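For the sequence shown, this note's numbering gives the first residue as 284, with consecutive numbering after it.
Ideal Cβ positions, reconstructed from N, Cα and C, are used throughout, including at glycine.
Note that this is a predicted model, so its numbers are computed, not measured.
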Amino acid sequence: MEAQDNQVKLSPTWLAHLQPEFDKPYMVQLKTFLKGEISRGKTVYPRGAEYFEAMNKTPFDSVRVVILGQDPYHGPGQAHGLCFSVPPGVPAPPSLVNMFKEMRTDLGIEPPPHGCLEPWARQGVLLLNSVLTVEANLAGSHANHGWEAFTDRIIELLNTQRDNLVFVLWGAYAQKKGALIDRQRHLVISSPHPSPLSAHRGFFGTRPFSRVNQHLTEHGVAPIDWRLPPLH
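Set out below in structure tokens:
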């Protein structure tokens with residue numbers, strides 16, 4: 284998977300840090316795996332041009348917050364490269380609905396009329412899945428094929444080269460990445476996942492959105508405007 288591939292684009296701000304990864308054996312094997320799946324007629328989400336959309340929407344030096352997901356949505360039309368987000372016109376999935384419920388409790392922001400989180404990404408919220416692709420209708424199908432090493436590297440770079448970031452780790456899968464984060468240097472917010480299976484076991488009431496902004500403000504960084512205006 285060449286970073287300059289016609290179907291795969293990675294912004295220069297990230298490529299400056301991640302270029303060596305594309306020559307490593309795990310990434311070569313990952314590219315072979317993905318090409319093989321597609322050649323066998325399997326549908327892979329998101330489309331190739333959106334594999335790195337999280338980084339392309341949020342340049343390296345602009346990251347203020349990292350929200351870590353597991354793998355992309357696996358239903359038709361849902362995944363577009365930003366964790367928990369869906370394109371305009373696609374109904375918000377249950378986990379995102381629960382995030383909006385918590386946002387209303389936390390900040391008094393009413394749930395938006397769409398589930399596209401691009402406005403967050405453009406403000407410095409890196410919406411990063413641990414695994415960047417998935418087979419249609421098969422959650423977790425692309426785990427353990429190399430993406431985890433790539434996203435580990437992203438976390439390591441942010442951990443060592445940036446200061447006072449906020450890492451939001453929802454659920455046990457995301458929390459595994461917490462071992463890569465220096466908590467003396469960054470804030471880590473951990474809780475159960477917002478999915479309907481676990482949200483009532485400790486996600487609701489954690490007030491992550493206000494906690495993010497409190498940390499940013501305390502360190503002289505502009506807070507995130509979590510409101511999602513209507514898309515035109």
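* Bounding residues of the beta strand (DSSP E) (the contiguous stretch that carries S473) -> L470 to S474
* To do: Indicate whether L390 and F487 have their beta-carbon atoms separated by less than 8 Å.
  => no
* Go ahead and label K460 buried or exposed: buried means 16 or more other beta carbons lie within 10 angstroms of its beta carbon, across all protein chains shown. => buried
* **Assigned exposure category for V311 - 16 Cβ within 10 Å defines buried** => exposed
* Reduced DSSP secondary structure (H/G/I, E/B, other) of V369 -> coil
* Return the Cβ separation of R387 and P394 in integer angstroms, given the expectation that the two are a contact with Cβ distance under 8 Å. => 6 Å
* Asked: A544: buried (16+ other C-beta within 10 angstroms of its C-beta) or exposed?
  -> Here the chain comprises residues numbered 284 to 515, so residue 544 is not present and cannot be evaluated.
* Should M338 and W403 be called a contact, given that it needs their Cβ atoms to be closer than 8 Å? -> no
* To do: Report back the beta-carbon spacing between I507 and V408 to the nearest angstrom; my notes put them in contact at under 8 Å.
  => 6 Å
* May I have a chain-ordered list of the alpha helix (DSSP H) segments no shorter than 4 residues that lie completely inside the stretch 302-367? => 308-322 and 336-340
* Asked: With a cut-off of 8 Å, does the C-beta of R405 fall near any C-beta of chain C?
  -> No chain C is part of this structure, which consists of one protein chain only.
* To do: Tell me, please, which residues DSSP counts as bridged to F450.
  => V349 and V471
* **Assigned exposure category for E333 - 16 Cβ within 10 Å defines buried** => buried
* Asked: So the beta strand (DSSP E) N412 belongs to, where does it begin and stop?
  -> V408 to N412
* Roughly how many whole angstroms lie between the Cα atoms of V348 and L379? -> 17 Å
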